[in-house]
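Reminder that position 252 of the sequence shown reads as 252 in full-length UniProt numbering, one-by-one numbering, no gaps. Just so you know, even glycine gets a beta-carbon here, dropped at the ideal spot from N, CA and C. Bear in mind that the values here come from a model prediction, so they are computed numbers and not experimental data. Below is one structure, written out as structure tokens, with a few remarks after it.
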Amino acid sequence: MADRSSVSQLFAPPARVSDGSFYPSHGSYEKMYAQSLENPEAFWGSQAEVQIDWFHQFTQVSDCDLASGMVAWFLGGKLNVCHNCVDRHLSIRGDKVAILWEGDEPGDVRKITYRELHREVCRLANVLRHNGIRKGDRVAIYMPMIPEAAFAMLACARIGAVHSVVFAGFSAEALRDRIQDARCKAVITADEGRRGKKTIPLKRPVDEAVMACPTVEHVFMVRHTESKVPFYEPRDIDLGEAMKNERPYCPVEHMDSEDTLFLLYTSGSTGKPKGISHTSAGYLLYAMLTHRYVFDYREDDVFACVADIGWITGHSYVVYGPLANGATTVMFESIPTYPDAGRYWDMVERHRITQFYTAPTAIRAIARLGDEFVKRYDRSSLRVLGSVGEPINPESWNWYYNVVGEGRCNIVDTWWQTETGGIMITPLPGATHTKPGSATFPFFGIVPVLLDDQGNEIEGNGVSGLLAIKSPWPSMARTIQGDHRRFAQTYLDPFPGYYLTGDGCRRDEDGYYWITGRVDDVINVSGHRMGTAEVESALVSHPGCAEAAVVGFPHEIKGQGIFAYVILKEGFDADAELIGELRNEVRTHIGPIAVPDQILITPGLPKTRSGKIMRRILRKIASQETGELGDISTLADPSVVELLIEKRKGL
Ligand code: 6R9
């Protein structure tokens with residue numbers, strides 16, 4: 001990748017932000033960062049004491065050894081995450097809006113105060129308890145972006161059940177696999193979701209999935225669109241009706257710091273998604289602190305993260321971080337282009353939103369539709385604009401900064417992962433001079449390093465390598481559901497003593513970090529992680545598909561698109577119908593987000609003599625960068641490359 005840093009501008013924190021923020025200079029960030037590294041035990045220990053409401057104080061700050069896969073924080077402590085996000089606010093901000101929900105139609109708004117949130121969560125928790133859900137049980141949540149989704153997550157946390165939120169865009173099959181893997185005892189869902197006037201079936205795919213999930217005893221369903229859907233009693237329970245019968249108080253379970261709070265499935269470089277496991281105290285503390293510092297959160301703010309709760313961003317910055325800080329958090333059901341490309345800024349004006357957090361893919365999608373959709377609305381309430389999910393290209397950064405933020409707002413380009421639990425590399429409003437496209441510097445307590453292929457640290461500035469994290473932090477994933485060995489093999493064993501991120505990175509001459517993208521077989525489609533192996537195995541389940549190879553290629557809106565090379569079996573023709581069937585195969589196995597943008601039917605693939613597909617070459621052909629294919633002499637049949645280049649031109 002070209003070195004964008006050398007041509008980039010440096011932006012000082014806008015005065016409006018630097019005036020009142022917590023760390024008004026880069027010097028104070030550096031001082032606090034240095035303290036956090038000098039004595040991590042003291043730093044994290046004192047933060048945990050102050051920020052978390054403990055039922056029983058922890059006795060040891062941490063017990064970690066990355067090399068052996070041992071990570072534990074705040075040992076001996078007892079707490080409840082739901083109590084920290086809800087109950088503890090009642091006496092001081094009971095009437096403050098906790099969740100500000102904006103539905104699919106502009107202005108369809110629900111405001112839920114902390115007191116109301118407490119009651120709803122308690123009722124829902126009681127429904128779960130009275131239907132046999134206990135501490136440690138797993139509960140799948142397959143919901144649209146409605147307040148009940150947050151109630152469900154918090155209710156699980158309240159009674160010590162482990163939630164596994166599955167993005168409502170995943171297919172019945174993908175849901176089934178995740179329910180089976182976690183052995184969920186119940187599913188919480190809705191009749192349907194709504195996005196941009198389209199309805200998204202939810203109960204039907206749940207029914208289909210649960211047929212093959214003997215562990216599921218109940219399906220709790222919220223009536224959202226009120227459309228008629230199949231309902232099988234006594235398995236199915238109308239959640240709204242059941243909640244009416246429950247008292248609005250439910251005691252909280254005292255959880256150990258290291259009890260699992262949730263599982264969240266994400267794609268890796270093999271076919272099977274990984275159930276990333278996060279625990280209670282460390283995750284909560286880190287989500288809280290990052291929400292506060294990275295977004296310069298203040299008591300009267302209206303914080304809007306428009307990510308779906310099916311992703312980690314929704315967990316940490318729609319639900320847990322903001323609520324633990326007693327914030328008003330916006331929950332958005334619709335899409336950025338409905339009814340038109342001004343929807344975000346319309347919301348900003350109506351709700352006086354102060355922080356706005358979205359993904360580059362959404363920024364690109366609306367920026368191309370014109371500035372007038374932005375300028376129509378009053379954005380003077382905004383202070384901080386956040387970006388997450390993929391590298392933000394400098395053009396989009398500048399548009400976000402100049403057009404949306406009118407040069408008044410800090411842009412925070414936040415790098416992190418499902419596995420890290422919270423933001424790891426990011427500017428701090430008021431403190432950090434930013435460069436468009438760089439996530440800048442590490443958060444407190446985080447030690448990023450660049451490694452070469454042998455695992456040696458690459459020192460100094462103006463260097464590139466594999467991004468790894470050198471010391472443990474409170475919200476790092478603890479394991480992969482049911483497969484601790486895979487956890488160790490993926491993240492910790494490759495270079496003992498480091499957590500390996502899977503991203504490539506450059507540290508420029510000034511020490512700024514620039515994430516350059518995945519170095520493994522994971523594609524980042526619209527900020528969503530997709531394993532190439534998952535898409536390949538969906539394609540080969542079509543009876544006509546003999547072999548498939550999937551790679552990413554640059555895509556104007558999505559960041560990366562999905563490009564599939566397919567070899568057909570004898571007797572199948574490469575016509576439009578078959579291409580449609582192949583796409584459909586992916587839609588049913590995984591979901592619409594994984595459907596390839598391009599499918600190229602080919603009689604062969606470039607392979608080494610030992611039979612390994614040369615993905616490097618396939619990526620170049622898909623990206624039409626065939627001027628620099630590199631060495632192809634090791635290929636079993638180099639002529640296939642010419643053929644693919646020709647076919648690619650014809651697509
Ligand atoms: C939070 C989230 C993680 C992967 C990560 C990286 C990419 C996320 C980024 C970014 C460049 C940023 N990524 N934020 N790349 N700049 N600011 O997205 O988690 O879904 O697990 O994806 O996303 O490649 O490794 P997750």
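Using a Cβ-Cβ cut-off of 7 Å (strictly less than) and excluding sequence neighbours within five positions of residue i, which residues of its own chain qualify?
i           : result
residue 652 : Not covered by the structure: residue 652. The range shown for the chain is 1 to 651.
K244        : none
T608        : M614, T634, L635 and A636
F572        : G544 and L578
D651        : According to the sequence shown, residue 651 is Leu rather than Asp. For L651, where only same-chain residues beyond five positions count, the Cβ hits under 7 Å are Q598 and L600.
G502        : R518, V519, D520 and V522
L428        : Y23, Y29, Y293 and V294
H542        : E581, L582 and E585
C122        : P248, Y249 and C250
Q624        : R648
I133        : V139, I159, A161, K185 and A186
Between the alpha carbons of residue i and residue j, how many angstroms are there, rounded?
i    : j    : result
G445 : P40  : 7 Å
P322 : A304 : 9 Å
F356 : L382 : 7 Å
E192 : P472 : 41 Å
E261 : L154 : For clarity, residue 261 is Leu in the given sequence; the question names Glu instead. Roughly 10 Å between the two C-alpha positions.
D104 : T225 : 11 Å
A125 : P474 : 27 Å
L10  : P394 : 12 Å
D300 : K96  : 10 Å
Q47  : S36  : 10 Å
T199 : V595 : 19 Å
D631 : L369 : 42 Å
G591 : A174 : 8 Å
V641 : L450 : 34 Å
I159 : V412 : 35 Å
Is the CB-CB distance between residue i and residue j below 8 Å?
i    : j    : result
R583 : I621 : no
L239 : V216 : no
H26  : T434 : no
F167 : W311 : yes
Y499 : Y512 : no
V219 : T189 : yes
V330 : H351 : yes
I469 : P448 : yes
K203 : V139 : no
S277 : R478 : yes
G531 : S267 : yes
N547 : I567 : Note on identity: in this sequence residue 547 is Glu, with Asn being the wrong assignment. For E547 and I567, yes; Cβs fall inside 8 Å.
V252 : H83  : yes
G69  : F487 : yes
D53  : R88  : yes
G421 : Y283 : yes
H291 : K78  : no
L285 : Q489 : no
A365 : P336 : yes
F443 : A281 : no
V348 : T328 : no
Helix or strand or just coil, what does DSSP make of residue i?
i    : result
G77  : coil
S62  : strand
P205 : helix
C156 : helix
C505 : strand
V306 : coil
R138 : strand
V595 : coil
L635 : strand
L450 : strand
S46  : helix
A2   : Interpretation of A2 is limited by its pLDDT of 40, a score under 50 that renders its predicted location unreliable; the figure taken from the coordinates is listed afterwards. A2: coil per DSSP, three-state reduction.
H163 : strand
Report all residues from its chain with a CB closer than 6 Å to the CB of residue i; omit the five preceding and five following residues, and keep chain order.
i           : result
Y338        : G196
A242        : V127
V61         : E41, W44 and G45
residue 675 : Shown here, the chain extends from 1 to 651; a query on residue 675 therefore has no answer.
A287        : S316, Y320, G321 and G422
A72         : D63 and E258
Below 8 Å CB to CB, which residues in the same chain sit around residue i once its five sequence neighbours on both sides are set aside?
i    : result
W345 : F373, V374, R376, Y377, R379 and V404
- Pick out every residue whose C-beta is nearer than 7 Å to a heavy atom of ligand 1: which are they, in chain order? Listed by chain position, these are T266, W311, I312, T313, S387, V388, G389, E390, P391, I392, D413, T414, W415, W416, Q417, T418, E419, A439, T501, G502, D503, I515, G517, R518, N524, G527, H528 and R529.
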